[in-house]
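Remember, the working numbering sits 264 above the position in the sequence shown when you count from 1.
The C-beta atom is built at its ideal place from N, Cα and C for all residues, glycine as well.
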Amino acid sequence: MTAAPTTTTPATQSPGAAPTSIKVDPRAAALVTAEAAVRLRAVPFGFERPDDPSSRLLIAMVDTSDLAAADEVALLAGLPVKRQGVSPNDFDQLLRSAFGATAAQMAMRLAGGAEAPDQDALANLEAVDAADVQRMAEQPTLINLVNLIILEAIKERASDIHVEPFERALSVKYRIDGSLRPQTSPPKHLQAAITSRVKIMAGMNIAERYVPQDGHITLRFEGRKVDIRVSTVPTIYGESVVMRILDKEAMNLTLESVGLRAEDRAKVERFIDLPHGMVLVTGPTGSGKTTTLYAALSKLYDPSLKIITIEDPVEYELNGVNQIPVNPDRGLTFASGLRSILRQDPDVVMVGEIRDSETADIAVRAALTGHLIFSTLHTNDAVSAVGRLLDMDVEPFLVASVLEGILAQRLGRRVCRHCRTPQPIPETLLHRLTERERAMFPGLQQQVGRGCEVCNNSGYKGRMGFFEVVSVSGPMRQAITDGRTSSRELLATLQGHVTMRMDGVIKAAAGETTLDEVLRSTQDVEAS
């Protein structure tokens, strides 16, 4: 088909008819794929002259000013288009009418549709011919299903997609706000094809099914770039696939957005204004340490500064920052990379993690010689970072000289602002609170989400950090030099210290989160 001119007309909205009354013409919907409609946020629903399918194509859009998307629809359909504005809810309704375009609906259609191969044969991966699997993976309906699984996860702001094989089922789950949420499962007989389709997209070897593999997908969603890290591992029932979604533009990388209260934010801003020294962020895997460091670097960025990071892996691209991925297979470790970075005349260096004595020694000496060093450690609380550095054979006087600030953190879910309501604190939680903590809740009530469409009936929407921020003072430096480095001795040098749990309780009292989240996230640290 020869593409028609891609001119578009101004958006129109009929004042006499609600968008939900629009009837979708299947001939119009067939001109683009479901994946394209979701990606471009544009649904073809009819023709300007209903009896003439060569007339202008009518498309519904949430953002009618997105001329690039409208032009792409015109190019795909081979017809000029006329835009009509609709609300997001009406758009989703039209999308479903046009395509049945949710991954769940498509999965159910496929489950009851094409004839399924023998289940026992497919459970044995050796019985699956690689060429047949690749042909299945390239079928339009299968491609649409995988695309929709990914696109819906991005739309839901999921951080990960899990595709897990079991004996008689294939499970798909999205990790949203830290919790895995099961989705409608695709049919088991498509397991090999779905896995292969993901691996094709990620540039992985589809013929190799018995060793772990890593890959990468880059796509555009609603005009923004989204990176996806793909990992596969073999299990007894096939390959388990996890896709980590790195959607930088959907994130608000600021110190305020990560959940730092005004007092703690002021402390961190003092850290990043220092000309040299070391700032550490501690916490377990998945506690948001890297996001906090990215927020600090974004705040710190200035064209007059040379900022270099070394990370494993690089999770988000930061404008104006030189970012280096660790590659141990080629000899690029944190230690060797850090040595090379210091020959690049940097002002600020971010080391993704201090894992060994060599990296710790180089980082400390770099901070001592005029560089501002940011890094992470795995410790439960802030002051334990001192002991961890000493365990890595860093001399106490060096730790005392270079360490300027320590943040410890955990992640908890935010209460949904659309459905939160005051409720009495359950007795099971009350008995776990100190008198000081109870006094922070008037009437012993807290804000709890009832559940609504906005939060998928979970009562929570988004996540926030619970922080412990320590400014290394003169008394603490003296204690480190003197060898008084137990957590109790170091905490005794601080005045007005707010623990991570207390930070969370303050946020729960302000209606930002719940006590359940605070106590769950900070159960490994002491109460104030």
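*Can you find at least 3 beta carbon pairs, one from the region 303–316 and one from the region 350–363, that sit closer than 8 Å?*
yes
*Cβ pair count under 8 Å reaching 3, the region 626–640 against the region 651–670*: yes
_C-alpha gap between residue 293 and residue 300, whole angstroms_ = Counting from 1 along the sequence shown, the entry for residue 293 is found at position 29. Counting from 1 along the sequence shown, the entry for residue 300 is found at position 36. Taking the straight line joining both Cα atoms gives about 11 Å.
*In three-state terms, what does DSSP make of residue 383?*
In the sequence shown, the residue the question calls residue 383 occupies position 119. Residue confidence is low: residue 383 scores 39 on pLDDT, short of 50, so the model does not pin down where it sits. No coordinate-derived value is stated.
*Tell me where the beta strand (DSSP E) around residue 306 begins and ends.*
To locate residue 306, count along the sequence shown from 1; it is residue 42. From DSSP, the beta strand (DSSP E) with residue 306 extends over 306–311.
_Beta-carbon separation (whole angstroms), residue 684 vs residue 775, contact threshold 8 Å_ = In the sequence shown, the residue the question calls residue 684 occupies position 420. In the sequence shown, the residue the question calls residue 775 occupies position 511. Yes, they are in contact, since the Cβ atoms of residue 684 and residue 775 sit about 6 Å apart, within 8 Å.
*Assuming residue 543 and residue 505 form a contact by the criterion Cβ under 8 Å, report the distance between their Cβ atoms to the nearest whole angstrom.*
Taking the first residue of the sequence shown as 1, we reach residue 543 at position 279. Taking the first residue of the sequence shown as 1, we reach residue 505 at position 241. Rounded, the Cβ-Cβ distance is 36 Å, inconsistent with contact.
*What is the rounded straight-line gap between the Cα of residue 439 and the Cα of residue 316?*
The residue given as residue 439 occupies position 175 in the sequence shown. The residue given as residue 316 occupies position 52 in the sequence shown. Taking the straight line from one Cα to the other gives about 46 Å.
*Residues in its own chain within less than 7 Å of residue 312 by CB, not counting five upstream and five downstream?*
On the sequence shown, residue 312 is found 48 positions in, with the first residue counted as 1. Hits under 7 Å: 319, 320, 322, 346.
*With a threshold of 16 other CB atoms inside 10 Å of the CB of residue 781, please say whether the residue is buried or exposed.*
Along the sequence shown, read from residue 1 onward, the residue named residue 781 stands at position 517. Counting Cβ neighbours within 10 Å, residue 781 comes out buried, since at least 16 surround it.
_Start and end residues, beta strand (DSSP E) containing residue 803_ = Coverage of the chain is limited to positions 265 through 792, which leaves residue 803 absent and any answer about it impossible.
*Same chain, Cβ closer than 8 Å to residue 767, five either side skipped, listed in chain order*: Looking up residue 767 in the sequence shown gives position 503. Excluding residues within five positions, the ones whose Cβ falls inside 8 Å are 525, 528, 730, 731, 732.
*Quick one: measure Cβ to Cβ for residue 677 and residue 777, integer angstroms, because I've assumed they're closer than 8 Å.*
Mapped onto the sequence shown, residue 677 falls at position 413. Mapped onto the sequence shown, residue 777 falls at position 513. Residue 677 to residue 777, Cβ: 7 Å. Contact.
*What did DSSP end up calling residue 389 once you bin it into helix, strand or coil?*
What you label residue 389 is simply residue 125 of the sequence shown in a count that begins at 1. Low confidence applies here, because residue 389 scores a pLDDT of 37, under 50, leaving its location unreliable; read the following figure in that light. Note: residue 389 maps to helix in three-state DSSP.
*asked:* Quick check on the DSSP output: what are the complete beta strand (DSSP E) runs of length 3 or more inside the region 673–749, in order along the chain?
replied: 684–688, 709–713, 724–735
*Is residue 630 near the ligand MN, going by C-beta to nearest heavy atom under 7 Å?*
This structure lacks the ligand MN; in fact it carries no ligand of any kind.
*Let me know the secondary structure DSSP gives residue 435 once reduced to three states.*
On the sequence shown, residue 435 is found 171 positions in, with the first residue counted as 1. If DSSP states are grouped into helix, strand and coil, residue 435 belongs with the strands.
*Assess, as a yes-or-no matter, whether the region 735–750 is touched by the region 715–725 under the definition of 3 or more beta carbon pairs within less than 8 Å.*
no
*In whole angstroms, what separates the C-alpha of residue 608 from that of residue 589?*
By 1-based counting over the sequence shown, the position of residue 608 is 344. By 1-based counting over the sequence shown, the position of residue 589 is 325. If I take the Cα positions, the gap works out to 16 Å.
*Cβ-Cβ distance between residue 303 and residue 415 below 8 Å*: Sequence index remark: in the sequence shown, residue 303 carries index 39 (1-based). Sequence index remark: in the sequence shown, residue 415 carries index 151 (1-based). Closer than 8 Å, so yes.
*Could you tell me which of 764, 773, 567, 680 sits nearest to residue 788, measuring between CA atoms?*
The count along the sequence shown starts at 1 and reaches residue 788 at position 524. Ranking the options by Cα distance to residue 788, first place goes to 764.
_Environment of residue 408 [buried if 16+ CB atoms lie within 10 Å]_ = Taking the sequence shown and counting its residues from 1, one reaches residue 408 at position 144. Counting Cβ neighbours within 10 Å, residue 408 comes out buried, since at least 16 surround it.
*Distance, Cα to Cα, residue 606 vs residue 424?*
Here residue 606 refers to the residue found at position 342 when the sequence shown is read from its first residue. Here residue 424 refers to the residue found at position 160 when the sequence shown is read from its first residue. If I take the Cα positions, the gap works out to 35 Å.
*asked:* Threshold first: 4 residues or longer. Then list the alpha helix (DSSP H) segments lying entirely within the region 746–770, N to C.
replied: 751–755
_Taking 8 Å as the threshold (C-beta atoms), are residue 602 and residue 623 in contact?_
What you label residue 623 is simply residue 359 of the sequence shown in a count that begins at 1. What you label residue 602 is simply residue 338 of the sequence shown in a count that begins at 1. Against a cut-off of 8 Å, the Cβ pair of residue 602 and residue 623 comes out as a contact.
_Please state the DSSP three-state secondary structure of residue 772._
Along the sequence shown, read from residue 1 onward, the residue named residue 772 stands at position 508. Looking at residue 772 - three-state DSSP - the assignment turns out to be helix.
_Candidates 502, 352, 614: closest to residue 578 by CA position_ = Mapped onto the sequence shown, residue 578 falls at position 314. Of the listed residues, the one whose Cα sits closest to residue 578 is 614.
*Give the C-beta separation of residue 670 and residue 546 to the nearest angstrom, bearing in mind that I take them to be a contact with Cβ-Cβ under 8 Å.*
The sequence position of residue 670 within the sequence shown is 406, counting from 1. The sequence position of residue 546 within the sequence shown is 282, counting from 1. With a Cβ gap of about 7 Å, residue 670 and residue 546 count as contacting.
*In this structure, what does DSSP give as the bridge partners for residue 625?*
Counted from its first residue, the sequence shown places residue 625 at position 361. Bridge partners of residue 625: none, in fact.
_Integer Cβ distance of residue 805 from residue 580, believed to fall under 8 Å_ = The displayed coordinates of the chain run from 265 to 792. Any statement about residue 805 would go beyond what the structure contains.
*Using the Cα positions of residue 355 and residue 348, report the straight-line distance between them to the nearest angstrom.*
Start at 1 with the first residue of the sequence shown, and residue 355 comes out as number 91. Start at 1 with the first residue of the sequence shown, and residue 348 comes out as number 84. Roughly 11 Å between the two C-alpha positions.
*Determine the direct distance from the alpha carbon of residue 726 to that of residue 442, and round the result to whole angstroms.*
As a position in the sequence shown, residue 442 is number 178, starting the count at 1. As a position in the sequence shown, residue 726 is number 462, starting the count at 1. Distance between the alpha carbons of residue 442 and residue 726: 9 Å.
*Within its chain, find whatever has a CB closer than 7 Å to the CB of residue 296; leave out the 5 residues flanking it on each side and keep chain order.*
Taking the first residue of the sequence shown as 1, we reach residue 296 at position 32. So the list reads 308, 337, 340, 341, once near-sequence residues are dropped.
_In chain order, what are the residue ranges of uninterrupted alpha helix (DSSP H) at least 4 long that sit wholly in the region 340–369?_
352–363
*Should residue 688 and residue 711 be called a contact, given that it needs their Cβ atoms to be closer than 8 Å?*
Sequence index remark: in the sequence shown, residue 688 carries index 424 (1-based). Sequence index remark: in the sequence shown, residue 711 carries index 447 (1-based). In this structure, residue 711 does not lie closer than 8 Å to residue 688 by Cβ.
_Once DSSP output is grouped into helix, strand and coil, what is the label at residue 642?_
Position 378 of the sequence shown, counted from the first residue, corresponds to residue 642. In the structure shown, residue 642 sits in coil (DSSP, three-state: anything other than H, G, I, E or B).
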